């Protein structure tokens, strides 16, 4: 088995959470680690000395961008195994030019996002976030709500915008609900693949006009900025709820604020644009809008899944096996 020199590069708190004794034992069984084994500064003299010998970087949140000068300091670098999701802010064109293997743990990160999204959809069906906000002003009990026909997850039409790793997992989880239909829109999706997990592929306008709950799973790309704007929001039926656990910029914040301020639409947002919203934002004060601070993705012990994924990739690398989740420059044109 080939044992490469490896270096961990991430911010201090990320290193502490993602690499405990178990992860470090496994890492040491697969690679040689110098001193230091971890850094958050690729330009510091002690890190530059390590980079000169490093063949594999294990990166995560807080890793500096791999610019040409930094890559010049790592002439033996052959692989970057990212212990997090998107590598868009990490890799430069020079990484691809040099033929360096890049992998991402986005597949592992999809699990908690899909779980959170499923929970948000269930809450949306019951309008739990709206009732919770109202109860702070006017305490209510079962007698006040038991006659309402709109507090239900039975027979809902749910729309999934983006059949991504996460979007697919959400559709699969929606099988546990007795929905009327799950609609999916994605220009790259295969209708048969969507149908196999319980959805039906339609165009965006059809999905918006029919769906009582819509969940966004688009990557943030130039072509997806404000993909859901005033025109699209106007297509949603009255009382619909928009769920966004993707990226804030795929949604026109001002347009959503106008719709929610009238009470016509509701929203559950884990991401916003900008993030966080400015102090005094009307959207953040509306009782029919719930905003959480970007918590759907891996946090706490969930991040150990990402470490395990990167270590799986390292094990394949040292045995000369192909990567499970390699990222290419072409792929970055359509993924986050």
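Residue numbers (this note's numbering): 6 to 341. The beta carbon of each residue, even a glycine, is placed where N, CA and C say it ideally should be. Predicted model only: the values in this text are computed from it and were never measured.
Distance, residue j Cα to residue i Cα
i: residue 84; j: residue 258; result: 39 angstroms
i: residue 237; j: residue 163; result: 16 angstroms
i: residue 244; j: residue 115; result: 28 angstroms
i: residue 266; j: residue 239; result: 14 angstroms
i: residue 67; j: residue 185; result: 43 angstroms
i: residue 288; j: residue 30; result: 47 angstroms
i: residue 70; j: residue 302; result: 21 angstroms
i: residue 124; j: residue 269; result: 22 angstroms
i: residue 106; j: residue 331; result: 7 angstroms
i: residue 180; j: residue 194; result: 19 angstroms
i: residue 24; j: residue 6; result: 23 angstroms
i: residue 216; j: residue 260; result: 18 angstroms
i: residue 121; j: residue 305; result: 15 angstroms
i: residue 17; j: residue 37; result: 21 angstroms
i: residue 174; j: residue 249; result: 15 angstroms
i: residue 130; j: residue 206; result: 22 angstroms
i: residue 277; j: residue 226; result: 15 angstroms
i: residue 150; j: residue 26; result: 50 angstroms
i: residue 203; j: residue 167; result: 15 angstroms
i: residue 94; j: residue 155; result: 42 angstroms
As assigned by DSSP and simplified to three states, the class of residue i
i: residue 318; result: helix
i: residue 329; result: coil
i: residue 309; result: helix
i: residue 21; result: helix
i: residue 130; result: helix
i: residue 52; result: helix
i: residue 71; result: strand
i: residue 270; result: coil
i: residue 44; result: strand
i: residue 14; result: strand
i: residue 253; result: helix
i: residue 276; result: coil
i: residue 282; result: coil
i: residue 35; result: helix
i: residue 61; result: strand
i: residue 294; result: strand
i: residue 140; result: helix
i: residue 125; result: helix
i: residue 339; result: coil
i: residue 8; result: coil
Residue i burial status per 10 Å Cβ neighbour count (16 or more: buried)
i: residue 60; result: buried
i: residue 254; result: buried
i: residue 338; result: exposed
i: residue 104; result: exposed
i: residue 102; result: exposed
i: residue 210; result: exposed
i: residue 64; result: buried
i: residue 191; result: buried
i: residue 135; result: buried
i: residue 264; result: buried
i: residue 113; result: buried
i: residue 169; result: buried
i: residue 172; result: buried
i: residue 161; result: buried
i: residue 314; result: buried
i: residue 275; result: buried
i: residue 142; result: exposed
For residue i, the nearest candidate out of the options (CA to CA)
i: residue 230; options: 307, 295, 256 and 11; result: 256
i: residue 21; options: 168, 308 and 77; result: 308
i: residue 117; options: 251, 291, 210 and 74; result: 251
i: residue 45; options: 56, 298 and 35; result: 56
i: residue 9; options: 232, 241, 221 and 321; result: 321
i: residue 271; options: 316, 51 and 220; result: 220
i: residue 140; options: 323, 333 and 292; result: 292
i: residue 183; options: 159, 174, 167 and 205; result: 159
i: residue 297; options: 49, 213 and 280; result: 280
i: residue 333; options: 72, 49, 11 and 92; result: 92
C-beta neighbour in chain B for residue i, strict 8 angstroms
i: residue 190; result: Absence of chain B from the displayed structure is noted, only one protein chain being present.
Next item on the list: Return the chain-ordered ranges of every beta strand (DSSP E) run that is complete within the segment 78-114 and spans a minimum of 3 residues.
Entry: 84-87 and 106-108
Item checked: Whole runs of the beta strand (DSSP E) within the segment 147-172, excluding any shorter than 3 residues -> 162-166
Next item on the list: Report the residue ranges of all beta strand (DSSP E) runs contained in full by the segment 171-249; include only those spanning at least 3 residues, in chain order.
Entry: 186-190, 218-221 and 246-249
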